[in-house]
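Residue numbering for the sequence shown follows full-length UniProt numbering, starting at 1 and increasing by one per position.
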Amino acid sequence: MDQQQQQDQQDQSPIQMALQDYKEGIGVFTKKMPTIAKKYNAFTEACFEKGKLAKKEKQLIALGISIFSQDEYCIIYHTKGCLDEGCTEDEILETVGVSAAFGGGAAMSQAVTLVQEAMKELGDNQPVQ
Numbered sequence: 001m002d003q004q005q006q007q008d009q010q011d012q013s014p015i016q017m018a019l020q021d022y023k024e025g026i027g028v029f030t031k032k033m034p035t036i037a038k039k040y041n042a043f044t045e046a047c048f049e050k051g052k053l054a055k056k057e058k059q060l061i062a063l064g065i066s067i068f069s070q071d072e073y074c075i076i077y078h079t080k081g082c083l084d085e086g087c088t089e090d091e092i093l094e095t096v097g098v099s100a101a102f103g104g105g106a107a108m109s110q111a112v113t114l115v116q117e118a119m120k121e122l123g124d125n126q127p128v129q
């Protein structure tokens, strides 16, 4: 890693670093296991296409599952997905509430920290209301 890349990494927030780590990890996996990665990506892309449920509803479901399962990378990724699909702050927080009903305090702790931090940071250019 050169000096500029190190400085860029130091300038990133924890949210941006997590998204970058995920992207880099997927890139490494794709190079090492291209057949599996291609099929996995095709499957997940199909799952998130508009169908009977809108894309934003699917992102809200994925966020809820991510919170329940305590997967911080997916929590950040799907919070971003919710914002990208135009979810409001209230829709995201209602999803968080449902997740907490199943996941208890652990799910709620993710909601009051990571989800809200991600919404604040990633929502700067998004229609969070």
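No residue lacks a Cβ here, since even glycine has one placed at the ideal position from N, Cα and C. Predicted model, so just to flag it, every value in this text is computed and none were measured.
DSSP-derived helix/strand/coil call for residue i
i: Gly27; result: helix
i: Asp11; result: helix
i: Asp71; result: coil
i: Ala107; result: helix
i: Gln126; result: Its pLDDT being 47, under 50, Gln126 is placed unreliably in this model, and the value from its coordinates should be taken loosely. The answer is coil: DSSP assigns Gln126 none of H, G, I, E or B.
Cβ-Cβ distance between residue i and residue j below 8 Å
i: Ala118; j: Met108; result: no
i: Ile75; j: Gly103; result: no
i: Tyr73; j: Tyr22; result: yes
i: Gly64; j: Thr95; result: yes
Classification of residue i by the beta-carbon crowding that lies within 10 angstroms, buried from 16 upward
i: Ala111; result: buried
i: Lys120; result: exposed
i: Gln129; result: Confidence is the limiting factor: at Gln129 the pLDDT is only 41, short of 50, which leaves the residue's position unreliable and the question unanswerable from this model.
Within-8 Å CB hit, residue i to chain B
i: Ala101; result: Considering every chain present, this structure includes no chain B. It has just one protein chain.
With three or more beta-carbon pairs closer than 8 Å as the criterion, would you say the region 47-62 touches the region 79-99? yes
Is it a yes or a no for the region 49-56 touching the region 32-40, going by three-plus beta-carbon pairs under 8 Å?
-> no
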